[in-house]
Amino acid sequence: MQEISGRHADGSFVSKYQELKDDGSTTCGSWLHAGIYKDGVNQAARRKPHTEQNWIASEWGWSWPANTHLLYNRASADPDGKPWSERKKYVWWDEEKGDWTGLGDHPDFVAGKRPDYVPADDATGAAAIRGDAPFIAHPDGLGWIHAPSGLVDGPLPTHYEPHESPVDNALYRSEQRNPTRQRYAHEANPYQPTSGSPGADVFPFVLTTYRLTEHHTAGGMSRSVPYLSELQPELFVEVSPELAAERSLEHAGWATIISARTAIEARVMVTDRIKPLRIEGRTVHQVGLPYHWGRRGLVKGDAANELLPIVLDLNVHIAEYKTSTCDIRPGRRPRGPGLRRLVEDYRRRGHAYQEQTEPRGPRQ
Amino acid sequence: MTRQTPAWPDTYGDEAHARVGFFTDTSICIGCKACEVACKEWNQIPASNQGFTGESYDNTIDLGANTWRHVAFVEQRKSLDAGTDGADLALAEVAARNAAADGWGLQTYQDGDGLRWLMSSDVCKHCTEAACLDVCPTGSLFRTEFGTVVVQEDICNGCGYCVPACPFGVLDKREGDGRVWKCTLCYDRLKDDKEPACAQACPTNSIQFGELADLRERAEKRLEQLGDAGLDQARLYGADDDDGVGGFGAFFLLLDEPETYHLPPAPVDTTRDLGGLWATTAAAALAVGAGVAAAFLGGRR
Amino acid sequence: MTVVRPELGATREARSGGESPYGRPVIKEPVWTWEIPFYFYTGGLAGASAGLAYVARLTGNSALARRAWLAALGGVSLSPLFLISDLGKPVRFFNMLRVFKVTSPMSVGSWILAGSGATTGVSALNAWTGLFPRTAAVSRPVAAALGLPLSTYTAALVANTAVPAWHEARYELPFVFGASAAASAGAAAAAVTPARDAAPARRLLVGGALVEVALTQVMERRLGPLGSTYSEGPAGKFGKAAKALNLAGAVVAAAAGHRNRAAAVAGSALVSAGALCARWSVFKAGSQSAANPDHTVVPQRERIERGRAPGSARGVAGGR
């Protein structure tokens, strides 16, 4: 923890990230946690009771960064540095001291920057933020409700169905999916038709991926740890008893889950925790898959993410990892050419397509 | 004052500590299994992959030579019997359904059935009257100065008698090793004034370590608290000195009958019946003697 | 309308006690291996043979006495070897002699075996070579006396566990094991002793075999639902074989053992096999009973309900 917290060249402990320098005179394992070992004390282990300090309780535990309990707390004072109200005062400018002070939390602002500070035209970094702009993680120091710049898709959030969905967008009849979504034309990335389009009934179930406690993301790091691997050794798929009955899935048996991309196999967990959804008068089943397995490790299994389409949002280019559609059937999947044949059969019946031939029309 | 055991504290004299143990409050267990991992890490226990079991998220199944903390997961469906099948419900019916759901601590419901997911970290009970300790013929199993029960691995010769003697099925022989292993309540950590690894790792303080008398008090308060909140399924398991093993050193707060967690509802230390058994054995021995003697009535032909 | 769904997945119907939801065992099966029923058999053979030899010598039947001492020596030598072989760390067998614990039938038994071994050895040596007569005069009665608990303590060993089919049978098992030991001793001696001297051995064989069969029946009946363990699975197979072999051997020995060498040997072989099968039946019944959660949970739950036992759980309302 001391290494993560950081030290100066003379061996003394760093107290906050603002002390870190880029000239080699400080070391730090994680800037966010700089100061967690301030003064040689494990700040996070402090347990001073709330009965012995004020309601902010700065001396109970430690909050990143720099033990700041309320981020952007400069906003609790007006542009002149005075609290907006006496009742809600938290952090304010002390003219005599020439610094920010308050009820006890770390002021989340550059120390000593005056409320009336105006940056020079060529200022960069923290120096380019005005003295009355509290949102210091944004380049202009302002909070963004309406984002005038930096967003391709925006400015306000709304609802669209995922690229592959078994239901219609209840919010917009004319816009099923996000019109700005990034799609890729690749033979390994065929798409499934969306709700209402021909072939959509070939992939009738909602596919959703999620995590287990025992493994870490795609499992590369946890599948090499024996004590974690033995706790969750095999990929399993979770289905409701109703879907199990419909598709003849046997609890603790095997199932094959198919999408237009590939087919994977998993052990079957029939459970009431997965509930059939009732949407606009019909039953829509869910298929749940943890995505922690892969071809290598102390425990191996198929990779759930290989089922997913590559569709990205245009602001931060994060793919739709969590929801798609699929089919499920009992038994293990074929291997080799048999696997290819199975997937191609589904692609054909499901009217799967590659991006450049995507049909245009009112329902996108 | 929690019960003295036959070998503690008197035989330790000045070296005796207050009796310590666990209070495992399963009502706040989140099933993270940090206790299982911490225990294995600290005690360098071999991993033992059993594959997918299908028993909810529990692929460990039970305590054994290589598992000294085991998190059980029990998914329970409870019919709520509020009449209709999910269509519009009258407020009165919804209220009735809610009351039933609260009493059972159900987490979701749909179509007349409620669901709850019980999670519980099982461990050696370190019984006041420990059958394993009683039957050990080498003296390997002994009572420590903390009132806990520990196997001395340099003495154990793997006779295996303790394995079927334990009414909870805690002990087992380690494959490839030959000896019997079980939870030591981190005896080595206790000697250094530390708490056991599982208690330290538990993020919700479901596993509480401390002096047994304190833990009993805390548990009573917690039981009352849950009772006030309407959770009438809550119960303490192993917190009474007059049960079949004289009370557990590691006791639990459960949310259902013990057998729901694969635990015996009325475990007994087999030694309680040993007096009568020795008498029967002696009588049988005499009967053999009488039988042998009687065989000589009638001459040698 | 609530739909009752079959138990086809990880989610189980909540019930009000008396059941282990996933059908998993509550206690552990014994980890003992194939040596243990042989350890029981040879111990019983040794114990009853020592008594047989002692009384035979008292009645002047040295032909029988000598041979019975040999059987006792054979049994008391093999029994610890079987036990040691079953140990997880056989080299540490002598650790059994670190302590003497009355709460452990295995501890008590190890000391009995040690004492029996020494005294039987001296007695047998003297019976065949005439050496150490004064020591043997002491060792003979001691061996005979130790032989009695030697022939029954293994019943205390198995009954003193949490295994329901063993623990609940604790009233009969010592007598069953004792009868089995007597039959084994009689059979061993009758096979190798000239017919004109072997009558007591034959009587012991017949009596022991019949009592064993009868008492086993009584035990199974009294055990009720737990008793079916002894007639199901491997325990059942060995149990049936034991009954058949014991009865057949008793009949053969009684009918023709006194005039026909072959019949005597046949009768002895059948009863010896029967006694061994009986030990195997009890041994297997332990695993079967431990593996069945109902054996543990149901009787305990019943005892709680009838107020005969304090359960270990206490609820909010104070009830169990």
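If you're matching them up, the sequences are chains A, B and C in order.
Using the numbering used here, read the first sequence as starting at 1 and increasing by one per residue.
Using the numbering used here, read the second sequence as starting at 1001 and increasing by one per residue.
Using the numbering used here, read the third sequence as starting at 2001 and increasing by one per residue.
The beta-carbon is built from N, C-alpha and C at its ideal position, and this holds for glycine as well.
For clarity, every value in this text was computed on a predicted model and none was experimentally measured.
*At a Cβ threshold of 8 Å, is C:A2014 touching chain A?*
Taking the first residue of the third sequence as 1, we reach residue 2014 of chain C at position 14. Closer than 8 Å: no.
*Contact with chain A by B:K1033, beta-carbon distance below 8 Å*: Within the second sequence, residue 1033 of chain B is the residue found at index 33, counting from 1. Yes - at least one Cβ of chain A is within 8 Å of the one on B:K1033.
*Taking only the alpha-carbon atoms, compute the straight-line gap between A:M221 and A:S12 and give it to the nearest angstrom.*
The sequence position of residue 221 of chain A within the first sequence is 221, counting from 1. The sequence position of residue 12 of chain A within the first sequence is 12, counting from 1. A:M221 and A:S12: Cα-Cα distance of roughly 34 Å.
*Could you tell me how far apart the beta carbons of A:N245 and A:T256 are, in whole angstroms, since I believe they sit closer than 8 Å?*
Residue mapping note: residue 245 of chain A aligns to position 245 of the first sequence, counting from 1. Residue mapping note: residue 256 of chain A aligns to position 256 of the first sequence, counting from 1. According to the sequence displayed, residue 245 of chain A carries Ala and not Asn. So it is not a contact: roughly 17 Å between Cβ atoms.
*Measuring CA to CA, which of C:E2232, C:L2210 and C:A2209 is closest to C:E2321?*
Nothing about residue 2321 of chain C can be reported from this structure: the residues present for chain C run from 2001 to 2320 only.
_Proximity of A:V268 and A:H251 at Cβ, strictly below 8 Å_ = Translated into positions along the first sequence, residue 268 of chain A becomes position 268. Translated into positions along the first sequence, residue 251 of chain A becomes position 251. Cβ atoms of A:V268 and A:H251: closer than 8 Å.
*Closer than 8 Å to chain C by CB, A:M221*: The residue given as residue 221 of chain A occupies position 221 in the first sequence. Not an interface residue.
*Return the chain-ordered list of same chain residues with a C-beta closer than 8 Å to the C-beta of C:V2003, the five sequence neighbours on each side being excluded.*
If you number the third sequence from 1, residue 2003 of chain C lands on position 3. In this prediction, C:V2003 has a pLDDT of 42, which is less than 50 and means its spatial position is unreliable; what the coordinates show is noted afterwards. Within the same chain, no residue comes within 8 Å of C:V2003 by CB-CB distance, once the 5 residues on both sides are set aside.
*Given 8 Å as the limit, is there contact between the segment 1154-1168 of chain B and the segment 2189-2205 of chain C, that is, 3 or more CB pairs closer than that?*
no
*Answer yes or no: do C:V2026 and C:V2316 have a C-beta to C-beta separation smaller than 8 Å?*
Numbered from its first residue, the third sequence carries residue 2026 of chain C at position 26. Numbered from its first residue, the third sequence carries residue 2316 of chain C at position 316. Contact flag unset, no.
*Per DSSP, what kind of secondary structure is A:D21 in: helix, strand or coil?*
The count along the first sequence starts at 1 and reaches residue 21 of chain A at position 21. The displayed chain sequence assigns Lys, not Asp, to residue 21 of chain A. If DSSP states are grouped into helix, strand and coil, A:K21 belongs with coil.
_Does the CB of C:P2006 have a neighbour CB from chain B at under 8 Å?_
Position 6 of the third sequence, counted from the first residue, corresponds to residue 2006 of chain C. Residue placement at C:P2006 cannot be trusted, given a pLDDT of 49 that sits under 50; what the coordinates show is reported in the next sentence. For C:P2006, the answer is no, since every Cβ of chain B falls outside 8 Å of its Cβ.
*Between the segment 226-241 of chain A and chain B, which residues of the former have CB atoms less than 9 Å from a CB of the latter, in chain order?*
P226, Y227, L228, S229, E230, L231, Q232, P233, E234, L235 and F236
*Whole-angstrom distance between A:A185 and A:Q356, CA atom to CA atom*: The count along the first sequence starts at 1 and reaches residue 356 of chain A at position 356. The count along the first sequence starts at 1 and reaches residue 185 of chain A at position 185. Approximately 6 Å, taken between the alpha carbons.
*asked:* Let me see if you follow: with CB-CB separation under 8 Å, is C:Q2349 close to chain B or not?
replied: Any property of residue 2349 of chain C remains undetermined from this structure, which presents chain C solely from 2001 to 2320.
_Checking 8 Å against the spacing of the C-beta atoms, do C:A2169 and C:L2223 come in under that value?_
Your numbering for residue 2169 of chain C matches position 169 in the third sequence. Your numbering for residue 2223 of chain C matches position 223 in the third sequence. Result yes, Cβ atoms of C:A2169 and C:L2223 sit closer than 8 Å.
*For C:M2106, count neighbouring C-beta atoms within 10 Å of its own C-beta (all shown protein chains included) and say buried if the count is 16 or more, exposed if not.*
Taking the first residue of the third sequence as 1, we reach residue 2106 of chain C at position 106. C:M2106 comes out buried.
*With C-beta atoms as the reference, is B:S1120 less than 8 Å away from B:L1254?*
On the second sequence, residue 1120 of chain B is found 120 positions in, with the first residue counted as 1. On the second sequence, residue 1254 of chain B is found 254 positions in, with the first residue counted as 1. Cβ distance < 8 Å, so B:S1120 and B:L1254 count as in contact.
*Could you pull out every residue in the same chain whose Cβ sits closer than 6 Å to the Cβ of C:I2084, ignoring the five residues on either side in sequence?*
Here residue 2084 of chain C refers to the residue found at position 84 of the third sequence. Around C:I2084: P2090 and F2093.
*asked:* Tell me which residues of the segment 2270-2297 of chain C have at least one Cβ-Cβ distance to chain A shorter than 9 Å, keeping chain order.
replied: Taking 9 Å as the Cβ-Cβ cut-off against chain A, none of the residues of the segment 2270-2297 of chain C qualify.
*At a Cβ threshold of 8 Å, is B:N1205 touching chain A?*
Position 205 of the second sequence holds residue 1205 of chain B. Closer than 8 Å: no.
*asked:* I'd like to know if B:V1151 contacts chain C, where contact means its C-beta is closer than 8 Å to some C-beta of that chain.
replied: For the purposes of this step, residue 1151 of chain B is taken as the residue at position 151 of the second sequence. Under the 8 Å criterion on CB atoms, B:V1151 is classed as non-interfacial with respect to chain C.
*Check the C-beta distance from B:P1167 over to C:A2313 and give it rounded, since I have them as a contact under 8 Å.*
The residue you call residue 1167 of chain B lines up with position 167 of the second sequence. The residue you call residue 2313 of chain C lines up with position 313 of the third sequence. So it is not a contact: roughly 14 Å between Cβ atoms.
*Under a Cβ-count criterion, where at least 16 other Cβ atoms within 10 Å of its own Cβ denotes burial, should A:R223 be classed as buried or exposed?*
Here residue 223 of chain A corresponds to residue number 223 of the first sequence, with the count starting at 1. A:R223 should be labelled buried.
*Could you list the residues in the segment 280-300 of chain A with a C-beta less than 8 Å from some C-beta on chain B, going in chain order?*
Those residues of the segment 280-300 of chain A that come within reach of chain B (Cβ to Cβ, closer than 8 Å) are L298 and V299.
*Cutoff 8 Å: A:D272 Cβ touching any chain C Cβ*: Taking the first sequence and counting its residues from 1, one reaches residue 272 of chain A at position 272. Closer than 8 Å: yes.
*Cβ-Cβ distance between C:P2263 and C:E2212 below 8 Å*: Reading the third sequence from its first residue, position 263 is the one you call residue 2263 of chain C. Reading the third sequence from its first residue, position 212 is the one you call residue 2212 of chain C. A quick correction: the sequence has Ala, not Pro, at residue 2263 of chain C. No, these two residues do not count as a Cβ contact at 8 Å.
*Would you say the segment 1199-1215 of chain B touches the segment 1033-1050 of chain B, given that touching needs at least three Cβ pairs under 8 Å?*
With the rule of 3 Cβ pairs closer than 8 Å, the segment 1199-1215 of chain B counts as touching the segment 1033-1050 of chain B.
*Apart from the five residues on each side of it in sequence, which residues of its chain come closer than 8 Å, Cβ to Cβ, to A:S5?*
Locating residue 5 of chain A in the first sequence gives position 5, counting from the first residue. For A:S5, where only same-chain residues beyond five positions count, the Cβ hits under 8 Å are F13, V14, C28, G29, H33, A34, G35, I36, Y37 and K38.
*Going along chain A, which residues have a C-beta under 9 Å from B:E1041?*
Residue 1041 of chain B sits at position 41 when you count from the first residue of the second sequence. Result: Y227.
*So is A:R267 in contact with chain B if we call contact Cβ pairs under 8 Å?*
Locating residue 267 of chain A in the first sequence gives position 267, where the first residue counts as 1. So yes, A:R267 belongs to the interface.
_Rounding to the nearest angstrom, what Cα-Cα distance links C:S2048 and B:T1005 in this structure?_
In the third sequence, the residue the question calls residue 2048 of chain C occupies position 48. In the second sequence, the residue the question calls residue 1005 of chain B occupies position 5. According to the sequence provided, residue 2048 of chain C is Ala. The question's Ser does not apply to it. Distance between the alpha carbons of C:A2048 and B:T1005: 38 Å.
*Could you round the C-beta distance between A:D105 and A:V91 to whole angstroms and report it? I think they count as a contact, below 8 Å.*
For the purposes of this step, residue 105 of chain A is taken as residue 105 along the first sequence, with counting starting at 1. For the purposes of this step, residue 91 of chain A is taken as residue 91 along the first sequence, with counting starting at 1. Between A:V91 and A:D105 the Cβ distance is about 7 Å, and since that is below 8 Å, they are a contact.
*asked:* I'd like to know if C:G2009 contacts chain F, where contact means its C-beta is closer than 8 Å to some C-beta of that chain.
replied: Among the protein chains in the structure shown, which are A, B and C, there is no chain F.
*My guess is that A:P193 and A:G350 are in contact by the Cβ rule of under 8 Å, so how many angstroms apart are they, rounded?*
Translated into the one-based positions of the first sequence, residue 193 of chain A becomes position 193. Translated into the one-based positions of the first sequence, residue 350 of chain A becomes position 350. Contact holds; Cβ gap of about 7 Å.
*asked:* Taking contact to mean 3 or more Cβ pairs, one atom from each stretch, closer than 8 Å, check whether the segment 2097-2116 of chain C and the segment 2144-2158 of chain C are in contact.
replied: yes
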